[in-house]
Amino acid sequence: QNITLKIILQVVLTIFNFSCWLLPLNNQNLINNKELLKYANIFAGGIFLMLCFDHMIPDSMNILTTNGYNNKLSFYFTLVGFSMILFIEKILFDTNIDNNKNIDTNNNNKINTEKNTKLSPMSAIILSIAISLHSLFETMALGLASDATSAIMLSTSIALHQPAESLALLVAFLKTSMPKLLIMKWLTFCSLVGPVGLLVGILISKLSIPLVEGLVIALTAGTFLYVGASEIVSEEFEDIEGITKYYKFITLISGMLLMGGLHYLTD
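Numbering (this note's numbering), first residue to last: 2 to 268.
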């Protein structure tokens, strides 16, 4: 199932993931320019939502139905995936990060922010675990992708979404008093979760256990639904006014239409 392509895409994603935090870590001007990242994030949200409803849930239902299982399980496990990420982010690891503050560096290999924006190291670590779980499920979906077009579009949506996540995580660590080297170790750990997710997804698809594959796809669809609807849309459309809200809505719909159109043309 296009394993070579998936590996190539994952290598590109991993390198890109590293660059998303490594470059801003050494050039704070990249952190302060957020407008383009916001629109890329919203566009990715549209792709995530369309992947969920137009590709992943139907694929899960098709696998289950073809092998004699009740396709309602697809909907149940989509809700399980949604609820799982909700529980991890908002209940188990409830960490609210404001990444709009300025960042300064000093000469003692430690990076600090303004006095009023301190964050405990544990809060940053908890956020890194939550984002790592996101990455795990996103790249699992890449490993489970049934065709080249889906794999490429999924990789594109992940790539568009990564800068915002990586910068949010980087800023969280920069708000602590952790040494720069330790920050880099945690961010490296998060970047290396992606290849693990890809491997897990490929192994599941190779085991040829239809029930497991169908349910894992539905579970992953639920995580995409959460990221697209509850995370990206709810956050990016909060407290906006004027013409900006229309631009953002058009960007969201454009992501949906692109994913839906490509899936329709290649189906």
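Every residue gets a Cβ at the ideal spot worked out from N, C-alpha and C, and that includes glycine.
| message | Suppose the cutoff is 8 Å on Cβ atoms and the five residues either side in sequence are ignored; what does the same chain contact list for L10 look like? | response | If the five residues before and after L10 are omitted, its C-beta is found closer than 8 Å to the C-beta atoms of L143, A152, I153 and S156, all from its own chain and listed in chain order.
| Inter-residue spacing [alpha-carbon to alpha-carbon] between I203 and G243 | Cα to Cα, I203 sits roughly 45 Å from G243.
| request: Could you tell me if I43 is buried or exposed, where buried requires 16 or more neighbouring beta carbons within 10 angstroms of its beta carbon? | output: Answer is buried; the Cβ neighbour count reaches 16.
| field | Unbroken alpha helix (DSSP H) run spanning F17, endpoints | value | Where F17 is concerned, the enclosing alpha helix (DSSP H) stretches over I4 to N27.
| Should the segment 52-62 be regarded as contacting the segment 245-254, the criterion being three or more beta carbon pairs within less than 8 Å? | They do not touch, by the three-pair rule.
| message | Please report the distance separating the alpha-carbon of L168 from that of N68. | response | Answer to the nearest angstrom: the Cα atoms are 43 Å apart.
| message | Suppose contacts are defined by Cβ-Cβ distances below 7 Å. Is G179 in contact with P122 by that definition? | response | Note on residue identity: the sequence assigns Met, not Gly, to residue 179. Contact flag set, yes.
| request: Label N18 either buried or exposed according to how many other C-beta atoms from any shown protein chain fall within 10 Å of its C-beta, with 16 as the threshold for buried. | output: Buried.
| Is F78 near A219, with beta carbons less than 7 Å apart? | The criterion of a C-beta distance shorter than 7 Å is satisfied by F78 and A219.
| Which value, in whole angstroms, describes the spacing of the CA atoms of K7 and L199? | A straight line joining the alpha-carbon of K7 with that of L199 spans about 8 Å.
| query | How should S192 be labelled, buried or exposed, when 16 other C-beta atoms within 10 angstroms of its C-beta is the threshold for buried? | reply | The Cβ neighbour count for S192, taken over all protein chains shown within 10 Å, is at least 16; the residue is labelled buried.
| query | From what residue to what residue does the alpha helix (DSSP H) around Y70 run? | reply | DSSP places Y70 in no alpha helix (DSSP H); its state is neither H nor E.
| Nearest candidate by alpha-carbon position, reference A276, set S20, W22, S61 and S124 | Nothing about residue 276 can be reported from this structure: the residues present for the chain run from 2 to 268 only.
| query | How many angstroms separate the CA atom of T189 from the CA atom of G215? | reply | Distance between the alpha carbons of T189 and G215: 31 Å.
| When the Cα of A131 is compared with those of L38, E232, P211 and L50, which residue comes out closest? | Of the listed residues, the one whose Cα sits closest to A131 is E232.
| What do you reckon, are the CB atoms on F174 and A222 nearer than 7 Å? | Contact: no.
| Secondary structure of F238, DSSP reduced to three states | In the three-state reduction of the DSSP assignment, F238 falls in the coil class.
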